[in-house]
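See below for the structure under consideration.
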Amino acid sequence: MSARRILVIEDNTLNLKLVRDILQFAGHQVCEARSGEDGLQLAQREPPDLVLMDLQLPGIDGFETLHRLRRDVLAPGVPVVAVTALAMAEDRERAAAAGFDGYIEKPISVRALPGQIEGFLAEATPATAGDGAVTVLAVDDTPANLRLLEAVLRPQGHRVVTAATGPEALEVLSRENVDLVLLDIVMPEMDGYEVCRRIRSVPATEFLPVVMITASGNEQRLAALESGADDFVSKPFDQSELLARVASLARIKRFQDTIRRQADELAQWNHELEARVARQVADLERTNRLRHFLSPQLADLVVGDESMLRSHRREIVVLFTDLRKFTPFAETSEPEEVMGVLAEYHRVIGALVHAYGGTLERFTGDGIMVFFNDPVPCDDPAERAVRTALGIRDQVRELAVRWERNGYDLALGIGIAQGFATLGRIGFEGRFDYAAIGSVTNLAARLCGDAGPWQVLVTNRVLAPIAEICTAELFGDVQPKGFSRSVRVHNVNGIAPSADNDTKDW
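Position one of the sequence shown corresponds to residue 160 (my numbering), numbered consecutively onward.
Listed below in structure tokens is the structure:
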């Protein structure tokens, strides 16, 4: 904001110097007065854009100074801000009631003051700040009175709309955007009281400021307030008083409009927030469902684009694993023992599948199927599958040592195959799985069945891209059940020492 002229009325030398230094540093021109009388004279000579005034002044206090400034000196809309002690809540209430535009608490904050001043300047009325005119509806059945009101208001930058009767005024309000109504009481057809009551009965105008133009009688003033008027001026009216009341009520109207606009914006934000939360909850639910068969990182990727789960064809690497002698173990053991073994077994597999970005397709007791390269493709599915298999073999072998001490004779076999499959989401609403269908899944399952204890059997197609990093031995040519041709199979013993210290980010 450009530099503005600020009148500071303060009798305390230290406070005056502090405020002056802060405002000058912020680029404003500062005029100083040490009393209300001096402030009035200075404001007359050098009209300010804002007045910052202590309430406790020698001679006339801040409240009386405000009254005279509004009545005799200031242009409509010039903000007058009270300076009050932090503990003086009563002063703050009196300042608000007296018509101050706001207050700043002592002790003055060096950091906060420039922003506070900018805020008050930004709220200056259009008639002062040049940002547009205040629209006033003047209602009077006497043309001379309407001309007089126009002559007073228009030179101050206000736009004046006139009406000669109550019904005409209500019609104007139905089509015009009015900021304030000046309303005569005594009119034919419909008096000012009834007009005011009807204004208050319409939601669009129920908070519109209304100033009644009355005779000096207290009864008329009381009736004006009871009908819903915000203020009144007496005939013949004082021009300065009228302008001050118009400026004050127009400020209130703008504040109300701001509050209403902010309420509308808040309602819109709440609506958008509710919609966003609903979307996030839905995404979270989808993510949780996806994590039944995907690693967390893959689930997070897929949830943003569920088209990845539609039926499609892709080359994948499939890993099958199961526990040897599990069926007789389950038949002769207590259910709690079986569940304990499965929990340890599943925990090992789950951690490794997630670590290497696999997709858990089947999870039936001791038999588990995992595949790689879908739904999110990767460059090294065979290596991921083999590293997962070796990790499962080694960690389950450690578990088997303890199981054996408990009398459980269990081992592990794994089969891995590579080929094309059709993949996608299957199931029904509320219970979906992600499945792979094709001969490659059958082949991996058959190899798992052919594997001896602690063997990891892989096809030539799996071993070829990782032969340099694996230690493997030929298992032989086997003809799996359901396949017309034999398949050359290898038993992978481990990862070569040169590749074992792998630092790849899986």
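The beta carbon of each residue, even a glycine, is placed where N, CA and C say it ideally should be.
Contact with chain D by G608, beta-carbon distance below 8 Å
Any reference to chain D falls outside this structure, which holds one protein chain only.
Spatial neighbours of R179 within its chain, please: C-beta separation below 8 Å, excluding the five flanking residues on both sides.
Position 20 of the sequence shown, counting from 1, holds the residue named residue 179. Here the set comprises V167, V189 and E191.
Spatially closest choice to I508 from Q554, V311, D299 and F279, by CA coordinates:
Indexing the sequence shown from 1 puts residue 508 at position 349. Among Q554, V311, D299 and F279, the Cα nearest to that of I508 belongs to Q554.
On the DSSP letters alone, give me the boundaries of the alpha helix (DSSP H) that G351 sits inside.
Within the sequence shown, residue 351 is the residue found at index 192, counting from 1. Segment G351 to S360, the alpha helix (DSSP H) holding G351.
Between Q315 and P235, is the Cβ-Cβ spacing less than 8 Å?
On the sequence shown, residue 315 is found 156 positions in, with the first residue counted as 1. On the sequence shown, residue 235 is found 76 positions in, with the first residue counted as 1. Yes.
Mind checking L181: buried by the 16 CB within 10 Å criterion, or exposed?
Stepping through the sequence shown from its first residue, residue 181 is reached at position 22. Reading the sequence as shown, one finds Ile at residue 181 and not Leu. Buried, by the Cβ-count rule.
Just how far apart, CA to CA, sit R404 and D442?
Along the sequence shown, one-based indexing puts residue 404 at 245. Along the sequence shown, one-based indexing puts residue 442 at 283. Those two C-alpha atoms are separated by around 56 Å.
Quick check on the DSSP output: the alpha helix (DSSP H) that includes N174 runs from which residue to which?
The sequence position of residue 174 within the sequence shown is 15, counting from 1. Note, N174: alpha helix (DSSP H), T172 to F184.
With DSSP as the reference, label C537 as helix, strand or coil.
If you number the sequence shown from 1, residue 537 lands on position 378. Coil at C537, not helix or strand.
Look up A288 in the DSSP assignment and say whether it is helix, strand or coil.
Position 129 of the sequence shown, counted from the first residue, corresponds to residue 288. Note on A288: pLDDT 40, under 50, position unreliable in the model; the coordinate value appears next. Three-state result, A288: helix.
Minimum C-alpha distance to L233 - residue among W562, A544 and S407:
Residue numbering aside, residue 233 sits at position 74 when the sequence shown is read from its first letter. The shortest C-alpha separation from L233 is found at S407.
Which runs of the beta strand (DSSP E), 3 residues or longer, sit entirely within the region 181-223?
188-192 and 209-213
Just to check my reading of the structure: D170 and L211 have Cβ atoms closer than 8 Å, yes? What is that Cβ distance to the nearest angstrom?
Translated into the one-based positions of the sequence shown, residue 170 becomes position 11. Translated into the one-based positions of the sequence shown, residue 211 becomes position 52. Contact doesn't hold; Cβ gap of about 13 Å is too wide.
For Q439 and A604, I'd like the C-alpha separation in whole angstroms.
As a first step, residue 439 is located in the sequence shown; it is residue number 280 there, counting from the start. As a first step, residue 604 is located in the sequence shown; it is residue number 445 there, counting from the start. Cα-Cα distance, rounded: 39 Å.
Per the contact definition of three or more C-beta pairs closer than 8 Å, is the region 298-310 in contact with the region 329-345?
yes
Nearest by alpha-carbon distance to T224: which of D197, R204, R552 and L209 is it?
The sequence position of residue 224 within the sequence shown is 65, counting from 1. Nearest C-alpha to T224: D197.
Could you name the residues that DSSP lists as bridge partners for H471?
Locating residue 471 in the sequence shown gives position 312, where the first residue counts as 1. According to DSSP, H471 bridges with L582.
For D539, the nearest candidate out of M528, E330, W613 and L622 (CA to CA):
Taking the sequence shown and counting its residues from 1, one reaches residue 539 at position 380. The candidate whose alpha carbon is nearest that of D539 is L622.
H649 in three-state terms, based on DSSP
Translated into the one-based positions of the sequence shown, residue 649 becomes position 490. The answer is strand: DSSP assigns H649 an E or B state.
Who pairs with T605 in a beta bridge, going by DSSP?
The count along the sequence shown starts at 1 and reaches residue 605 at position 446. The amino acid occupying residue 605 in the given sequence is Arg; Thr does not appear at that position. Partner(s): none; R605 has no beta bridge.
Less than 7 Å between C-beta atoms, sequence neighbours within five positions excluded: which residues of the same chain meet that for G218?
In the sequence shown, the residue the question calls residue 218 occupies position 59. Correct list, in chain order: S194, G195 and E196.
Name the two residues that bound the continuous alpha helix (DSSP H) containing Y682.
It is not possible to answer for residue 682, since the shown part of the chain is limited to 160 through 665.
Inter-residue CB distance, A409 and L312 (contact presumed, cutoff 8 Å):
Residue numbering aside, residue 409 sits at position 250 when the sequence shown is read from its first letter. Residue numbering aside, residue 312 sits at position 153 when the sequence shown is read from its first letter. With a Cβ gap of about 11 Å, A409 and L312 do not count as contacting.
Since G635 is in the beta strand (DSSP E), which residue starts that stretch and which ends it?
Position 476 of the sequence shown, counting from 1, holds the residue named residue 635. Taken as a continuous stretch (DSSP letters only), the beta strand (DSSP E) holding G635 covers C629 to V637.
Rounding to the nearest angstrom, what Cα-Cα distance links L511 and T630 in this structure?
As a working mapping, residue 511 is identified with position 352 in the sequence shown. As a working mapping, residue 630 is identified with position 471 in the sequence shown. For L511 and T630, the distance between alpha carbons rounds to 20 Å.
Check each candidate in H649, F634, Q614 and A323 and name the one with the smallest Cα separation from A626.
As a position in the sequence shown, residue 626 is number 467, starting the count at 1. Of the listed residues, the one whose Cα sits closest to A626 is H649.
Excluding the 5 residues flanking D636 on each side, which residues of the same chain have their C-beta closer than 8 Å to its C-beta?
In the sequence shown, the residue the question calls residue 636 occupies position 477. S645, V646, R647 and V648, listed in sequence order.
Which residues in the same chain as A570 place their Cβ atom closer than 8 Å to its Cβ, once the five residues preceding and following it in sequence are excluded?
Against the sequence shown, residue 570 aligns to sequence position 411. Excluding residues within five positions, the ones whose Cβ falls inside 8 Å are L482, R483, K484, A559, P612 and W613.
How should P368 be labelled, buried or exposed, when 16 other C-beta atoms within 10 angstroms of its C-beta is the threshold for buried?
The count along the sequence shown starts at 1 and reaches residue 368 at position 209. Buried, because 16 or more other Cβ atoms sit within 10 Å of the Cβ of P368.
Which residue wins for smallest C-alpha separation from T523, given the options A514, D568, M498 and E542?
One-based indexing of the sequence shown puts residue 523 at position 364. Considering only alpha carbons, the answer is M498.
In this structure, what does DSSP give as the bridge partners for D343?
Position 184 of the sequence shown, counted from the first residue, corresponds to residue 343. D343 is bridged to I372.
Going by C-alpha to C-alpha distance, which of R469, A323 and S643 sits closest to T581?
To locate residue 581, count along the sequence shown from 1; it is residue 422. The option with the nearest alpha carbon to T581 is R469.
In the structure shown, what three-state DSSP assignment does S466 receive?
In the sequence shown, counting from the first residue as 1, residue 466 sits at position 307. Three-state DSSP puts S466 in a helix.
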